[in-house]
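Counting in our numbering, the sequence shown runs from 566 upward without gaps.
The C-beta atom is built at its ideal place from N, Cα and C for all residues, glycine as well.
Owing to the predicted nature of the structure, the values given are computational and were not obtained by experimental measurement.
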Amino acid sequence: MDTVEPMTAQERELAELIVAALNLEISAGEIDPNAPLYREGLGLDSIDILEIALALSKQYGFQLRSDDNDNVRTFGSLRSLNEHVQRHRAR
């Protein structure tokens, strides 16, 4: 049986935002913080990523740019997305 690595409080908050923004049929706690968000792993597509970017903008007060070369890494996992959010969020 696969065990999901524990989330930090910030990762859980972000996972809950993703679940709510996309109306996912899983709980935030079921998201593995190290699993890919895009395609394999959580299985999100480009439209889902845009929805997440919009939700992040509203929640945390910063814009994710579609032409940012780091987006593949940023959206690589919940953990990497959380690290990006914590670096860029409006204080």
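Residues of its chain near residue i, where Cβ-Cβ distance is below 6 Å and the 5 sequence neighbours each way are ignored
i: residue 566; result: Reliability of the predicted coordinates at residue 566 is poor, the pLDDT of 46 falling under 50, and no value is obtained from them.
i: residue 572; result: 598
Whole-number beta carbon distance between residue j and residue i, since they are thought to touch under 8 Å
i: residue 581; j: residue 600; result: The pair is not a contact, with the Cβ atoms about 16 Å apart (cut-off 8 Å).
i: residue 627; j: residue 602; result: Actually they are not in contact, since the Cβ atoms of residue 627 and residue 602 sit about 18 Å apart, beyond 8 Å.
i: residue 576; j: residue 644; result: 6 Å
i: residue 625; j: residue 604; result: That pair is no contact at about 24 Å.
i: residue 647; j: residue 579; result: 5 Å
Residue i and residue j closer than 8 Å at C-beta
i: residue 629; j: residue 618; result: yes
i: residue 596; j: residue 609; result: no
i: residue 616; j: residue 587; result: yes
Which listed residue (the options) has its alpha carbon closest to that of residue i
i: residue 613; options: 625, 570, 585 and 647; result: 585
i: residue 570; options: 651, 649 and 642; result: 642
heavy atom of the ligand MN below 7 Å from residue i C-beta
i: residue 646; result: Ligands in the displayed structure: none, and consequently the ligand MN is not present.
Contacts around residue i, its chain only, beta-carbon distance under 7 Å, and the 5 residues preceding and following it disregarded
i: residue 651; result: 575
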